[in-house]
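At position 394 of the sequence shown the residue is numbered 960 (the working numbering), and the sequence of numbers has no breaks.
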Amino acid sequence: MIKILFVSDRQKKINEFAGFFNKNTYEFIVSADETYICDIMEVDTPDIIIEDANTKSVDFKTLNKKIKSIYENAVILVLTSGNVVEKELVKYSNAFITDDMPQNLVLSTVTMNLRTKNSLDMLANSNKDLADSLYRLNALYTTSSKFAGTLDKTKLLDYMVEGLDKALSFSLTCTLSFCSGEKPVLMLNSLYDISDELLTAIKLRTVLNYKSIFEGKKPPYEINAENLKVVKNIKYPASKFTFTLFQYDNMFTPISLGNNFFGCIEIFKETPFSSEDATCFQTIAQQVILPLKSASLYQELKETNHKLEKLERLKSEFISIVSHELRTPLTSIKNSLDILLSGRCGEITAAADKFISMAKRNAQRLSGIINDLLDISKIEAGKMDFNFKEMNIHSVIDYVKSTLNEVAKNKNISLLTEETENLPLIKADSQRLEQVLTNLVSNAIKFTPEGKKIIIKSSLADARDIKINENFKSSMRKLEGEYVMVSVIDEGIGIEEKNLLHAFDKFAQIENSLSRKAGGSGLGLPIAKQLLEAHEGAIWCDSEINKGSKFYFVVPVCPKALCTK
């Protein structure tokens, strides 16, 4: 029913208005007492206030200020008997009616202002709803931003509770967390302190809520109220909640996605939650799941990496120890074979010479494998020694050609060189570059059929002009400036495109019959790659099955200011 408050002390006008307002089913209230009028405004705000300007017992200036402070959209009509109205009444009035105005016009004025009031109320409510929505959206955005900024699971849950507090102003949240990696934790964020008796009830309620999620199925974790660890955060510890807390409105949801279960949360609020509150609650509880999953994966990755690093250290130590232990008896074996072959222990037969020579070759091969193992172990441990000095690449090529030329001839393979003259100096460890090139040429000899040729080339190249196989481009982006480039080109069995990158993996043996026959440690190319990286250079290859391979490596040119001719 529409309520009319008439502020007047004129009995005749009161009777007149009471008659036709009651007749038209309006609730009609009369008062000229300011205190009573303010009480009415506080308890049950009238729809229309009619103020009689002829009432001298009321200070309308003060009254209207109080009315507007209680209800800003209050509709005030001023009843006047003349053409002059006090300034203060004009300031606060929405419309005017006169003593001699017909009743139908009075009702029309009231109806029109009622419509205006309803429109204003609707607009105010819409604005309030919009403001609430914007506030919640801001809270959601802020919370999401915080979620994106950490991989700490405890912080993520703290940010979730903080976001709920901003958006919903809860009385208490009970968050059961399984994110610590140890025992489950019940995190209580409360407006007031909680007694021991109430805490026991909350713990029991939390355990029952947790078990209810799985509907009779076995839950992922077994918990009980007696041993449940509790962490409390109290805003105002001077006051305490009572068991009436359980009469508050509440919402509950698990924090889970598929098989990923992180816990559950229950939230209590003294005033009822709206549907928007429920949506906001579910949104924040769902938003935290993916960051928690990422945090869990990150933690697993860290632990796995730690284990792998430990295994890698153990493996390197094992290789180093075993290699050193093998080297000592192998040296004795080689020396003994050399003594036998020299004839110092007596004449040996042709058959014995053949088998002793075979044993010596295999001992040398084993020695090479052990040296490779020691080298890769030193490189990975950062203990490889380098003796960098200014040098010319020609000396390295000459050394390797003279060393392996006889080996190539034994297989009827031509070992050729095509060198660019007057190449600039490089700053390098000549012994290590000889090791790299020796490995490349040895591999070429090993995998090239008889009657073919191998070419060692040298040239000057700018990083921008170097053509690199697509498989190696990502690892070659660091190249910049001028380099001395050495290439080893053979007419051997070749490598499949898919296996090019694997050629530089440790212990890799590209699978085919000839590679199995050739054998080897599978460490030559990985060692070469790491030696060149220590020189700030690079290595890569091109190949085609049955047409041969081209291995390239580059070493940066020594800056002119540092080089001496």
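Glycine residues also receive a C-beta, built at the ideal position from the N, C-alpha and C atoms.
Look up residue i in the DSSP assignment and say whether it is helix, strand or coil.
| i | result |
| --- | --- |
| Phe-1119 | strand |
| Ile-1061 | coil |
| Val-796 | strand |
| Pro-1217 | For the chain, the structure presents residues 567 to 1131; residue 1217 sits outside this window and is missing. |
| Ser-1079 | For Ser-1079, the pLDDT reaches just 40, beneath the cut-off of 50, and the residue's location in the model is therefore unreliable, although a value from the coordinates is still provided. Three-state DSSP puts Ser-1079 in a helix. |
| Asp-625 | coil |
| Phe-812 | helix |
| Ala-1010 | helix |
| Met-924 | helix |
| Phe-847 | helix |
| Met-514 | It is not possible to answer for residue 514, since the shown part of the chain is limited to 567 through 1131. |
| Glu-832 | strand |
| Gln-577 | helix |
| Lys-712 | helix |
| Val-854 | coil |
| Tyr-758 | strand |
| Asn-826 | strand |
| Ile-1032 | coil |
| Phe-884 | helix |
| Tyr-802 | strand |
| Phe-1158 | This structure leaves residue 1158 out entirely; the chain is present only between 567 and 1131. |
Terminal residues of the continuous alpha helix (DSSP H) containing residue i?
| i | result |
| --- | --- |
| Tyr-602 | 600-609 |
| Glu-728 | 719-734 |
| Asn-775 | 762-778 |
| Lys-1095 | 1090-1100 |
Taking the beta strand (DSSP E) that residue i falls in, what are its first and last residues?
| i | result |
| --- | --- |
| Tyr-787 | Counting along the chain, Tyr-787 falls outside any beta strand (DSSP E), and DSSP gives it neither H nor E. |
| Val-644 | 642-646 |
| Tyr-592 | It is not in any beta strand (DSSP E) - Tyr-592 carries neither H nor E in the DSSP assignment. |
| Leu-1045 | Segment: none, Leu-1045 is in no beta strand (DSSP E) and carries neither H nor E. |
| Leu-738 | 738-743 |
| Lys-1023 | 1019-1028 |
| Leu-981 | 980-985 |
| Ser-1041 | Run containing Ser-1041: none; DSSP gives neither H nor E here. |
| Ala-1104 | 1104-1110 |
| Ala-994 | 992-994 |
| Ile-615 | 614-618 |
Mind checking residue i: buried by the 16 CB within 10 Å criterion, or exposed?
| i | result |
| --- | --- |
| Glu-1062 | exposed |
| Ile-1111 | exposed |
| Ile-905 | exposed |
| Phe-1119 | buried |
| Asn-953 | exposed |
| Met-607 | buried |
| Arg-1043 | exposed |
| Cys-1107 | buried |
| Ile-963 | buried |
| Gln-997 | exposed |
| Ala-994 | buried |
| Cys-911 | exposed |
| Gln-1001 | buried |
| Val-609 | exposed |
| Ala-1104 | buried |
| Phe-626 | buried |
| Ser-635 | exposed |
| Glu-866 | exposed |
| Glu-891 | exposed |
| Pro-612 | buried |
| Asn-825 | exposed |
| Gly-1047 | exposed |
| Lys-1083 | With a pLDDT of 47 at Lys-1083, under the threshold of 50, the modelled position of that residue is not reliable, and the figure given next carries that caveat. Exposed. |
Would a check of beta-carbon distances place residue i closer than 8 Å to chain C?
| i | result |
| --- | --- |
| Pro-668 | Reference to chain C is not applicable here, since this structure consists of a single protein chain. |
Is there contact here, the stretch 874-881 with the stretch 848-861, by at least three beta-carbon pairs under 8 Å? no
For the stretch 934-960, which segments carrying the beta strand (DSSP E) assignment without a break, of at least 3 residues, lie completely within its bounds, in sequence order? 955-957
Within the stretch 666-706, note down every full beta strand (DSSP E) run reaching 3 residues or more, in order along the chain. none
With three or more C-beta pairs closer than 8 Å as the rule, is the stretch 937-953 touching the stretch 975-988? no
Examine the Cβ distances between the stretch 786-804 and the stretch 769-776 and report whether three or more of them are shorter than 8 Å. yes
Using a Cβ distance threshold of 8 Å, determine whether the stretch 628-642 contacts the stretch 683-699, with at least three qualifying pairs required. Pairwise C-beta distances place the stretch 628-642 in contact with the stretch 683-699, as three or more of them are shorter than 8 Å.
So, does the stretch 708-717 touch the stretch 667-682, judging by three or more C-beta pairs under 8 Å? no
Count the CB pairs spanning the stretch 769-788 and the stretch 798-809 that are closer than 8 Å, and state whether there are at least three. no
Spell out a yes or no on whether the stretch 854-862 and the stretch 776-789 are touching, meaning 3 or more CB-CB pairs, one atom from each, closer than 8 Å. no
Any 3 or more C-beta pairs closer than 8 Å across the stretch 827-839 and the stretch 724-744: Counting Cβ pairs under 8 Å, three or more are found: they touch.
Does the stretch 1008-1026 come within contact of the stretch 1049-1061, defined as at least 3 CB pairs closer than 8 Å? yes
Meets three-Cβ-pair contact criterion under 8 Å: the stretch 892-906 and the stretch 929-936: yes
Can you find at least 3 beta carbon pairs, one from the stretch 653-661 and one from the stretch 799-816, that sit closer than 8 Å? In this structure the stretch 653-661 does not lie against the stretch 799-816, because fewer than three pairs of beta carbons, one per stretch, are closer than 8 Å.
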